[in-house]
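**Q**
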Amino acid sequence: MGWAIALHGGAGDIPLSLPVERRLPREETLRRCLTLGIAALKDNHPPLDVVELVVCELENCPHFNAGRGSVLTTIGTVEMEASIMEGNTKNCGAVSGLSTVVNPISLARLVMEKTPHIYLAFDGAETFAREQGVITKDASHFITPETIERLTQAKAVNRVQIDYTQPAVEELSENCDSQIG
Amino acid sequence: TVGCVAVDGNGNLAAATSTGGLVNKMVGRIGDTPIIGAGTYANSFCAVSATGKGEAIVRATTGRDVAALMEYKGLSLKDATDYVVENAPKGTTGLVAVSANGEVAMPFNTTGMFRACAKEDGTSEIAIWSSVQNVDEL
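In order, the protein sequence lines correspond to chains A and B. With the first letter of the first sequence counted as 1, position 118 gets the number 118 in the working numbering; the numbers rise by one all the way through. Just so we're on the same page, the working numbering is the position in the second sequence counted from 1, plus 181.
#1: State the Cα-Cα distance for the pair Met251 (chain B) and Ser230 (chain B), rounded to the nearest angstrom.
#2: Less than 7 Å separating the beta-carbons of Pro104 (chain A) and Ser199 (chain B)?
#3: Please list the residues of the segment 202–224 of chain B that have a C-beta atom closer than 8 Å to any C-beta atom in chain A, keeping them in chain order.
#4: Taking Phe295 (chain B) and Leu30 (chain A) to be in contact with their CB atoms under 8 Å, please state how far apart those CB atoms are, rounded to whole angstroms.
#5: Please name the residue, chosen from B:Ile238, B:Leu203, B:Gly184, that lies closest to Ile75 (chain A) on a Cα-to-Cα basis.
#6: Can you pull the DSSP bridge partners for His141 (chain A)?
#7: Would you mind listing the beta strand (DSSP E) stretches within the segment 76–129 of chain A that are 3+ residues and don't spill past its ends, in chain order?
#8: Under a CB-based cut-off of 7 Å, is Ser199 (chain B) close to chain A?
#9: With 8 Å as the limit, tell me which residues of the segment 251–275 of chain B have their beta carbon closer than that to any beta carbon of chain A; keep them in chain order.
#10: Using a Cβ-Cβ distance under 7 Å, would Tyr228 (chain B) count as near chain A?
#11: So, Val71 (chain A) versus Thr147 (chain A), is the Cβ gap smaller than 7 Å?
#12: Is there at least one Cβ from chain A nearer than 7 Å to Gly303 (chain B)'s Cβ?
#13: Any beta-carbon of chain B closer than 7 Å to the one on Pro104 (chain A)?
#14: Anything in the segment 140–158 of chain A with a Cβ closer than 9 Å to a Cβ of chain B? List those residues in chain order, please.
#15: I need the straight-line Cα distance from Val54 (chain A) to Gly255 (chain B), nearest angstrom please.
#16: May I ask you to report which of helix, strand or coil DSSP gives Met251 (chain B)?
#17: Below 7 Å on C-beta distance, what does Arg22 (chain A) contact in chain B?
#18: Please go through the segment 200–260 of chain B and give each complete alpha helix (DSSP H) segment of 4 or more residues, from N-terminal end onward.
#19: Sort out for me which residues DSSP pairs Thr29 (chain A) with in a bridge.
#20: Is DSSP giving Arg23 (chain A) helix, strand or coil here?
#21: Measuring alpha carbon to alpha carbon, tell me which residue in B:Ile211, B:Ala219, B:Ala196, B:Pro215 is nearest Ile118 (chain A).
#22: In chain order, what residues of the same chain have a beta carbon less than 6 Å from the beta carbon of Phe142 (chain A), not counting five sequence neighbours either side?
#23: In terms of DSSP beta bridges, what is Val279 (chain B) paired with?
#24: Considering only DSSP beta bridges, list what Lys300 (chain B) is partnered with.
#25: So is Asp13 (chain A) buried or exposed if we call it buried at 16+ other beta carbons inside 10 Å?
#26: Would Glu52 (chain A) count as contacting chain B if we go by Cβ distances under 7 Å?
#27: Output the distance between the C-alpha atoms of Leu258 (chain B) and Val265 (chain B), rounded to the nearest integer angstrom.
#28: Is the Cβ-Cβ distance between Asp260 (chain B) and Pro288 (chain B) less than 7 Å?
#29: What's the gap between the Cα of Ala11 (chain A) and the Cα of Trp310 (chain B)?
#30: Compare the C-alpha of Thr35 (chain A) against each of A:Glu57, A:Leu16, A:Val20 and name the closest.
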């Protein structure tokens with residue numbers, strides 16, 4: 001028995017031709033986050049702290065679909081969601097419909113630890129975030145030029161996509177499942 | 182979607198997942214990430230974080246199914262995660278998971294999944310596609 005850690009930055013129809021300028025920043029973030037998690041585990045931080053730490057770092061990276069860089073709804077807004085769970089106790093917390101919370105995963109943990117509930121959403125979750133004093137920013141902070149472009153492409157073909165990992169519209173087959181590109 | 186699972190040397194497990202959802206999703210849409218037992222799950226056997234098409238992951242109760250196969254059927258982490266991902270609709274599901282005894286699994290049935298892992302024995306991996314040419318050593 002020993003420690004172990006695994007992390008992901010999304011799955012989908014990631015083309016083998018993914019341009020290097022889109023691949024390298026994501027690989028570098030994965031490497032940085034893995035190193036961060038390894039160091040925390042070696043320092044005997046509890047796994048719950050480790051997964052929150054790593055996911056916060058991933059949320060802060062605009063190249064991934066979470067936190068800043070989250071993809072957009074059909075009206076161009078951000079609605080982020082997150083959840084966290086501890087194995088031995090099965091304690092858990094979840095949030096959704098967030099538009100201003102910088103690190104949704106930390107708010108999910110606060111739901112777990114500071115409320116008698118498991119899941120808060122939309123206005124209630126935003127109110128709870130302010131009560132807890134977590135860092136919030138204007139909704140525009142979370143929107144990037146790339147996510148605007150992705151929404152424009154998806155709306156052009158009236159399609160719902162799996163986050164940024166989808167290839168550009170012009171790379172897709174016309175016969176692809178409309179739900180996932 | 183991003184996520185992380187971890188286990189310490191004493192077998193304590195945790196899972197976390199965060200996402201913006203789908204491009205061009207309807208306002209008010211809820212995906213698999215915040216649904217305990219779907220996109221995120223942890224018990225004393227394993228911790229799971231999933232990514233992909235949320236609607237499919239919710240229908241499959243992906244995270245809980247992995248744990249249940251280990252708890253009630255005695256499957257290894259690899260067998261349990263392979264079974265769940267292989268039986269999910271193709272192109273919809275990926276996950277990362279760790280077990281209480283330090284195993285790691287990162288299967289997916291999509292073209293690729295941005296992923297990384299490390300174990301106390303020194304093994305590590307950073308990859309996107311299945312091909313070994315995309316795997317780096319830390």
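The C-beta atom is built at its ideal place from N, Cα and C for all residues, glycine as well.
**A** Let's see:
#1: C-alpha separation (whole angstroms): 16 Å.
#2: Yes, they are a contact pair.
#3: Of all residues in the segment 202–224 of chain B, Gly202, Leu203, Val204, Asn205, Lys206, Met207, Val208, Gly209, Arg210, Ile211, Gly212, Thr214, Pro215, Ile216, Ile217, Gly220, Thr221, Tyr222, Ala223, Asn224 have a Cβ within less than 8 Å of some Cβ in chain A.
#4: Yes, they are in contact, since the Cβ atoms of Phe295 (chain B) and Leu30 (chain A) sit about 6 Å apart, within 8 Å.
#5: When only C-alpha atoms are compared, the closest one is B:Leu203.
#6: For His141 (chain A), which the question treats as bridged, DSSP gives no partner whatsoever.
#7: The segment 76–129 of chain A contains these whole beta strand (DSSP E) runs: 80–86, 92–98, 119–121.
#8: Ser199 (chain B) has a beta carbon lying within less than 7 Å of a beta carbon in chain A.
#9: Among the residues of the segment 251–275 of chain B, those with a Cβ less than 8 Å away from any Cβ of chain A are Gly272, Thr273, Thr274, Gly275, in the order of the chain.
#10: One point to set straight first is that residue 228 (chain B) is Ala, not Tyr, in the sequence displayed. Cβ-Cβ to chain A under 7 Å: yes for Ala228 (chain B).
#11: Closer than 7 Å, so yes.
#12: No - not a single Cβ of chain A is within 7 Å of the one on Gly303 (chain B).
#13: By this cut-off, Pro104 (chain A) is an interface position.
#14: Residues of the segment 140–158 of chain A with a C-beta less than 9 Å from any C-beta of chain B: Phe142, Thr147, Arg150, Leu151, Gln153, Ala154, Lys155, Asn158, listed in chain order.
#15: About 30 Å.
#16: Helix at Met251 (chain B).
#17: Those within 7 Å of Arg22 (chain A) in chain B number zero; the least Cβ separation is about 11 Å.
#18: For secondary structure counted as the alpha helix (DSSP H) over 4 or more consecutive residues, the segment 200–260 of chain B holds these complete runs in sequence order: 235–241, 243–254.
#19: Partner(s): none; Thr29 (chain A) has no beta bridge.
#20: Arg23 (chain A) falls in the helix class under three-state DSSP.
#21: Closest in alpha carbon position to Ile118 (chain A), among B:Ile211, B:Ala219, B:Ala196, B:Pro215, is B:Pro215.
#22: For Phe142 (chain A), where only same-chain residues beyond five positions count, the Cβ hits under 6 Å are Arg68, Ser70, Val78.
#23: Bridge partners of Val279 (chain B): B:Ala228, B:Val285.
#24: The partner list for Lys300 (chain B) (beta bridge, DSSP) reads A:Ala4.
#25: Of the other Cβ atoms in all chains shown, 16 or more fall within 10 Å of the Cβ of Asp13 (chain A); this residue is therefore buried.
#26: Chain B, which has a Cβ nearer than 7 Å to the Cβ of Glu52 (chain A), makes this yes.
#27: Linking Leu258 (chain B) to Val265 (chain B) through their CA atoms gives a straight-line distance of about 11 Å.
#28: Contact: no.
#29: Between the alpha carbons of Ala11 (chain A) and Trp310 (chain B) lies a gap of roughly 10 Å.
#30: Ranking the options by Cα distance to Thr35 (chain A), first place goes to A:Glu57.
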